[in-house]
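In this text, residue positions in the first sequence follow the numbering used here: the first is 40, and each later residue adds one. A quick write-up on the structure given underneath.
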Amino acid sequence: MGSRVTIATPEDFLLVRDACSYGYFLLAPNEWDPIDRTLSRPLRLPEGRARARIGQPEGRAGSGLVVELDRRIGRRERGELARQVSRMLRLDESAAEIAAFHDVDERWRATGRGRLFRSPTLFEDVVKTVTSCNVAWPSTIRMNARLCEVLDAAFPSAAQLARRRATTLRARCGVGYRDARLVELAKLFASGAVDEGRLEDPGASDEEAFETLTALPGIGPYAAGNIMQLLGRYGRLAIDTETERHAREELGFREEGAALRAKVERRYERFGPHRFRSYWFEVWSAYERRRGPAWTWTPRGTGSGFTASSTRSRGPGRAP
DNA sequence: GGTAGACCTGGACGC
DNA sequence: GCGTCCAGGTCTACC
40 MGSRVTIATP EDFLLVRDAC SYGYFLLAPN EWDPIDRTLS RPLRLPEGRA RARIGQPEGR
100 AGSGLVVELD RRIGRRERGE LARQVSRMLR LDESAAEIAA FHDVDERWRA TGRGRLFRSP
160 TLFEDVVKTV TSCNVAWPST IRMNARLCEV LDAAFPSAAQ LARRRATTLR ARCGVGYRDA
220 RLVELAKLFA SGAVDEGRLE DPGASDEEAF ETLTALPGIG PYAAGNIMQL LGRYGRLAID
280 TETERHAREE LGFREEGAAL RAKVERRYER FGPHRFRSYW FEVWSAYERR RGPAWTWTPR
340 GTGSGFTASS TRSRGPGRAP
């Protein structure tokens, strides 16, 4: 007999839209069910792991979330459950904050897009970002699935990952040369050397957060830019080859290399602190034009030939 | 400061 | 079926 918990949402929150807004909703241990329109995954709670199934039964914006768990949980665990669900779905971003984004970029007001899915912890977001670097999307899916299969079904914590040998990660999780960097990252998070509170503190500048992130092993300019948006810092782009493809194929830019990247930066300058969201929803909308609404996607469907690069003559596809 | 090459994996391609 | 090439972001060595 499990528990059933109701969580209130901002008046504009819509699960099918706001959960299926960034590729991580397709990565283990997350499981999106396009039939039930629910998101399931194991969560690490104070008394141990619990599998959560998150739905929005009324299906209208602002209606409550219902979380069904596979075991009973008490008051203390309910608080932690709400905190993790809130982080994943960005329930902390109010309707007014999303409206402020729409004031800057009108294009997304009609659909209400504004929130970007993320993980219940910053550490999981960082690991997912590292596993998406220098690799095609199917490999990112595989690495995250194996990390959950081999180390912890609820996604390995920093402490768990810090205890593993790099060679184990390489051999059993297929992370390749990222092995030692992931273990080193885990040690930094587990020891408290990474000040997560400071990174999440609105009082800390974006520049400071970016510098902190790029000093971490395995985190370069692209990864740091991506983690910035996962921290809710949307004023910076995360430029990778997918950005360049978007610029050429969707925006019609003809430049190459540094000139292309500079033109991309100029295009999104006008969106100020919302740059990343404006950029990302352009990319996401292009994916949806090709593949249908994101809530209909599955990891298997996006595993090969999906995304942007599927339009190229070669290549297995970059991360959505 | 800028650049070249290594890192690793898996998909595409040619034979 | 096998071997080769290529894409992907970060890091290091070198100029």
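Note that beta-carbon positions come from the ideal geometry of N, C-alpha and C, so glycine has one too.
query: So, helix, strand or coil for Thr48, using DSSP?
result: coil
DSSP three-state assignment for Leu270, whether helix, strand or coil
coil
Cβ of Leu186 within 7 angstroms of Cβ of Pro195? yes
Among all the DSSP beta bridges, which residues are the ones paired with Asp72?
Thr77
May I ask you to check if the CB of Phe315 is nearer than 6 angstroms to at least one heavy atom of the ligand FMN?
Summarising the ligand content, the structure contains no ligands, and the ligand FMN is consequently not present.
Next item on the list: Note the first and the last residue of the continuous beta strand (DSSP E) segment covering Gly87.
Entry: Gly87 to Gly94
Exercise. Report yes if the C-beta distance between Ala193 and Arg83 is below 7 angstroms; otherwise report no.
Key: yes
Closest to Glu70 by C-alpha separation, out of Asp142, Arg217 and Ser158, would be which residue?
Ser158
Could you tell me the alpha carbon to alpha carbon distance between Leu224 and Ile266, rounded to whole angstroms? 14 angstroms
Checklist entry - How many Å lie between Ala197 and Gly291 at the Cα? => result 42 angstroms
Measuring straight from C-alpha to C-alpha, what distance separates Pro238 and Pro312?
A small correction: the amino acid at residue 238 is Leu; Pro does not occupy that position in the sequence shown. Spanning the two alpha carbons is a distance of roughly 16 angstroms.
- Message: Mapping the DSSP letters down to three states, classify Arg157 as helix, strand or coil.
- Response: coil
Report task. Could you tell me the distance, in whole angstroms, from the CA atom of Ser79 to the CA atom of Gly242? Result -> 34 angstroms
So, for Glu250: in the same chain, excluding its five sequence neighbours on each side, which residues have a beta-carbon less than 8 angstroms away from its beta-carbon?
none
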